[in-house]
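>
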Amino acid sequence: MRVLVVGSGGREHAIVWSLKKNSSIEKIYCAPGNAGIGVDAECVPIGAMEFEKLVDFAKKENIDFTIIGMDDPLVGGIVDVFEKEGLRVFGPRKNAAIIEGSKAFSKDLMKKYGIPTAKYESFSDYDKAKEYLDKQDMPVVIKADGLALGKGVLICTTRDEAETGLKEIMLDKKFGSAGNKVVIEEFLQGPEVSVLSFCDGKTVVPMVSAQDHKRALDGDKGLNTGGMGTFSPSVFYTEEMNQECMEKIFKPTVEAMAKEGRPFVGILYFGLMLTKDGMKVIEYNARFGDPETQVVLPRLKTDLLEIMEACVDGKLADMNIEWYDNSAVCVVLASGGYPTAYEKGFEITGLDDIKKRDDIVVFHAGTDLKDGKFVTNGGRVLGITGIGKDINEAIKIAYEGVEIVDFEKKHFRTDIGRKEYKL
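Counting from 814, one number per residue, gives the positions in the sequence shown under our numbering.
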């Protein structure tokens, strides 16, 4: 079995790391990959949006199965391109990936099928959006309709903030064409949880829950980022809540997509919030979350490739997916200054020492090789995942890993997993 993974971040490293456990896989490629992924797979210098080159590579190298990790190629229709050439590929087609590609589409879908979410209106006309905004209470949430690297959601506490935010998205095109349309929605409060799920177009199987820390600084202060750390399982998401979400959110979403002629095959990520009125959907993603994947996949007992193949073959209902009864915590090591300006090229030390630990896994994101040494090459550099019997042990182990690995201007949060747990 020869497998290709498309993407270059910590999420893709976690996918490659999981696939490595399967002895039936003779070769794993990753395009474009990164320096750390290059230790576990052969990296190929083809960008994730170079669909034709990726297809040619898959044919030339007799790739049996391709896994798409990133949102841009999925929303752009990479799965359709691969399928047209008769290649086996894991991920939603373009007409299903729109559930992440357009926030207005996903909100309209929820409204039509009675899936609980925040009240909202969508606008492609700035003046109409501004007129509506003027009538809303603060705080309010403004979302760019399209993909904006996870940064297109503004929580505005004052009218000035809201007006500036709307202008930046719609008129100044801060997020380019992603801001041609906006969703303005009510501000909800409550703890958030991420539930990733496997889907085959008909069946949905949720994975173990995770909680993400989006803000750059301790105590949920600072700017929003792609994610500074995560832990699994969630502290408040019970089995009863999971059952309720299955009936009111997970199944109805997959059934709605099928009814709309957009069967969803791949990973469907549910961003949920527990409000005073129950669980509501904050967002959908059409792929594995980053860094949630770095805590969810280390807890997966069943072979990942087997599950993915069952999804593509429409046989997910026949799978019995098992998980380890443990906890995982991932602390992201970022470059100082992230998510705004930061320097690159600092040598990373301690990676050999950490290999001696079987309870710590290091997932590479923004790394490169220079003169045979790993150096920093991005905002989020590494994810240090600690695995323990419970959340407190996993926190302790993850931060032991954080102390071992070092580079100049290393930045990390000291409170990952500690929001609800006191050590």
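C-beta atoms are modelled at their ideal positions from N, C-alpha and C, and glycine is treated no differently. The model shown is predicted, which means the values in this text are computed figures rather than measured ones.
What whole-angstrom Cβ distance do LYS1169 and ASP1013 have, given they're in contact under 8 Å?
Working through the sequence shown from its first residue, we reach residue 1169 at position 356. Working through the sequence shown from its first residue, we reach residue 1013 at position 200. Going by Cβ atoms, the distance from LYS1169 to ASP1013 rounds to 40 Å, so no, they are not a contact pair.
> Any idea what DSSP makes of TYR926, helix, strand or coil?
Along the sequence shown, read from residue 1 onward, the residue named residue 926 stands at position 113. Helix at TYR926.
> Which residues in the same chain as LYS833 place their Cβ atom closer than 6 Å to its Cβ, once the five residues preceding and following it in sequence are excluded?
Along the sequence shown, read from residue 1 onward, the residue named residue 833 stands at position 20. Here the set comprises ASP853.
> Span of the alpha helix (DSSP H) holding VAL868?
Counting from 1 along the sequence shown, the entry for residue 868 is found at position 55. That run of the alpha helix (DSSP H) goes 864 to 873.
> Express the C-alpha separation of ASN1098 and GLY989 in angstroms, rounding to a whole number.
Sequence index remark: in the sequence shown, residue 989 carries index 176 (1-based). Sequence index remark: in the sequence shown, residue 1098 carries index 285 (1-based). Taking the straight line from one Cα to the other gives about 20 Å.
> Looking only at its own chain, which residues have a Cβ that is under 8 Å from the Cβ of VAL816, when we skip the five neighbours before and after it?
Taking the first residue of the sequence shown as 1, we reach residue 816 at position 3. Counting only Cβ-Cβ distances below 8 Å, and skipping sequence neighbours, we find LEU832, ILE838, LYS840, ILE841, TYR842, ILE876, ASP877, PHE878, THR879, ILE880, LEU1118.
> Between which residues of its own chain and ASN1139 is the CB-CB distance below 7 Å, once the five residues before and five after are set aside?
Along the sequence shown, read from residue 1 onward, the residue named residue 1139 stands at position 326. For ASN1139, where only same-chain residues beyond five positions count, the Cβ hits under 7 Å are ARG1112, ILE1200, GLY1201, LYS1202.
> Within this structure, are the beta carbons of ALA1178 and GLY1196 separated by less than 9 Å?
By one-based count along the sequence shown, residue 1178 stands at place 365. By one-based count along the sequence shown, residue 1196 stands at place 383. In contact: ALA1178 and GLY1196 (Cβ atoms closer than 9 Å).
> Count the other C-beta atoms from every protein chain shown that fall within 10 angstroms of the C-beta of GLY927, then say buried if there are 16 or more, exposed otherwise.
As a position in the sequence shown, residue 927 is number 114, starting the count at 1. With fewer than 16 Cβ atoms within 10 Å of its Cβ, GLY927 is classed as exposed.
> Compare the beta carbon distance of GLY1214 and VAL1144 with 9 Å and say whether it is the shorter of the two.
Residue 1214 sits at position 401 when you count from the first residue of the sequence shown. Residue 1144 sits at position 331 when you count from the first residue of the sequence shown. In this structure, VAL1144 lies closer than 9 Å to GLY1214 by Cβ.
> Which two residues bound the contiguous alpha helix (DSSP H) that contains THR1066?
Position 253 of the sequence shown, counted from the start, is the residue given in the question as residue 1066. Segment 1064 to 1072, the alpha helix (DSSP H) holding THR1066.
> Skipping 5 residues on each side, what residues in its chain have a beta carbon closer than 8 Å to that of PRO858?
Within the sequence shown, the letter at position 45 stands for residue 858. Only ALA844, PRO845 meet the Cβ criterion.
> Looking at the secondary structure, which residues open and close the alpha helix (DSSP H) in which SER824 lies?
Position 11 of the sequence shown, counted from the first residue, corresponds to residue 824. The residue you asked about is not Ser; residue 824 is Arg in the sequence shown. Counting along the chain, the alpha helix (DSSP H) containing ARG824 begins and ends at 823 to 832.
> Using alpha carbons as the reference points, say which of GLY890, LEU1081, VAL954, PHE1159 lies closest to VAL868.
Here residue 868 refers to the residue found at position 55 when the sequence shown is read from its first residue. When each option's Cα is compared against that of VAL868, the closest is GLY890.
> Report the rounded CA-to-CA distance for ASP1166 versus VAL819, giving the unit in angstroms.
One-based indexing of the sequence shown puts residue 1166 at position 353. One-based indexing of the sequence shown puts residue 819 at position 6. When rounded, the distance between both Cα atoms is 29 Å.
> Name the two residues that bound the continuous alpha helix (DSSP H) containing LEU1164.
Stepping through the sequence shown from its first residue, residue 1164 is reached at position 351. Here the alpha helix (DSSP H) through LEU1164 covers 1164 to 1167.
> Count the other CB atoms within 10 Å of the CB of SER937; is the residue buried (16 or more) or exposed (fewer)?
Residue mapping note: residue 937 aligns to position 124 of the sequence shown, counting from 1. An exposed status is given to SER937, since fewer than 16 other beta-carbon atoms sit within 10 Å of its beta-carbon.
> Whole angstroms are fine: how far does the CA of LYS1034 sit from the CA of ALA957?
As a working note, residue 957 is residue 144 in the sequence shown. As a working note, residue 1034 is residue 221 in the sequence shown. Inter-residue distance for ALA957 and LYS1034 is about 22 Å (C-alpha atoms, whole angstroms).
> The alpha helix (DSSP H) spanning ARG972 covers which residue range?
Along the sequence shown, read from residue 1 onward, the residue named residue 972 stands at position 159. Looking at the DSSP string, the run of the alpha helix (DSSP H) that includes ARG972 is 972 to 983.
> Touching or not, the stretch 943 to 952 and the stretch 915 to 922, by the rule of three or more beta carbon pairs under 8 Å?
no
> What does DSSP give as the partner residue(s) for ARG1075 in the beta ladder?
In the sequence shown, the residue the question calls residue 1075 occupies position 262. Its beta-bridge partners do not exist; DSSP assigns none.
> Return yes when the Cβ of ILE1161 is within less than 9 Å of the Cβ of VAL1188, no when it is not.
By 1-based counting over the sequence shown, the position of residue 1188 is 375. By 1-based counting over the sequence shown, the position of residue 1161 is 348. Their beta carbons are under 9 Å apart, which means VAL1188 touches ILE1161 by this criterion.
> Quick one: Cα of LYS943 to Cα of ILE997, how far?
As a working note, residue 943 is residue 130 in the sequence shown. As a working note, residue 997 is residue 184 in the sequence shown. Using only the alpha carbons, I get a separation of about 10 Å.
> For ASP1116, which three-state DSSP category applies?
Indexing the sequence shown from 1 puts residue 1116 at position 303. Note: ASP1116 maps to coil in three-state DSSP.
> Threshold first: 3 residues or longer. Then list the beta strand (DSSP E) segments lying entirely within the stretch 1130 to 1213, N to C.
1140 to 1148, 1173 to 1177, 1180 to 1183, 1186 to 1189, 1193 to 1201
> Which residue marks the beginning of the alpha helix (DSSP H) containing MET1054, and which one marks its end?
Here residue 1054 is taken as the residue at index 241 of the sequence shown, counted from 1. First-last of the alpha helix (DSSP H) with MET1054: 1052 to 1058.
> Should ASP1025 and GLY1003 be called a contact, given that it needs their Cβ atoms to be closer than 9 Å?
Along the sequence shown, one-based indexing puts residue 1025 at 212. Along the sequence shown, one-based indexing puts residue 1003 at 190. Going by C-beta atoms, ASP1025 is not nearer than 9 Å to GLY1003.
> Can the beta-carbon of PHE1044 be found closer than 9 Å to that of GLY1230?
Taking the sequence shown and counting its residues from 1, the one referred to as residue 1044 is at position 231. Taking the sequence shown and counting its residues from 1, the one referred to as residue 1230 is at position 417. Yes, these two residues count as a Cβ contact at 9 Å.
> Count the other CB atoms within 10 Å of the CB of ALA827; is the residue buried (16 or more) or exposed (fewer)?
The residue labelled residue 827 in the question sits at position 14 within the sequence shown. Buried, since its Cβ has 16 or more Cβ neighbours within 10 Å.
> Quick one: what does DSSP say GLU944 is sitting in, helix, strand or coil?
Start at 1 with the first residue of the sequence shown, and residue 944 comes out as number 131. GLU944: helix per DSSP, three-state reduction.
> Taking DSSP's pairing of strands, which residues face VAL953 in a bridge?
By 1-based counting over the sequence shown, the position of residue 953 is 140. CYS969, GLU999, per the DSSP bridge assignment.
> Using the rule of at least 16 other Cβ atoms within 10 Å of the residue's Cβ for burial, across every protein chain shown, is GLU1105 buried or exposed?
Counted from its first residue, the sequence shown places residue 1105 at position 292. With 16 or more Cβ atoms within 10 Å of its Cβ, GLU1105 is classed as buried.
> Look up LEU1110 in the DSSP assignment and give the residues it is bridged to.
For the purposes of this step, residue 1110 is taken as residue 297 along the sequence shown, with counting starting at 1. LEU1110 pairs with nothing; no bridge assigned.
> Closest to ASP1228 by C-alpha separation, out of LYS1209, ASP1219, GLU1221, would be which residue?
Within the sequence shown, numbered from 1, the residue matching residue 1228 stands at position 415. The shortest C-alpha separation from ASP1228 is found at LYS1209.
> Kindly indicate the opening and closing residues of the alpha helix (DSSP H) around ALA909.
What you label residue 909 is simply residue 96 of the sequence shown in a count that begins at 1. Counting along the chain, the alpha helix (DSSP H) containing ALA909 begins and ends at 907 to 914.
> Below 8 Å, is the gap between the Cβ of GLU1105 and the nearest heavy atom of the ligand ADP?
Questions concerning the ligand ADP fall outside what the structure shown contains, since it holds no ligand whatsoever.
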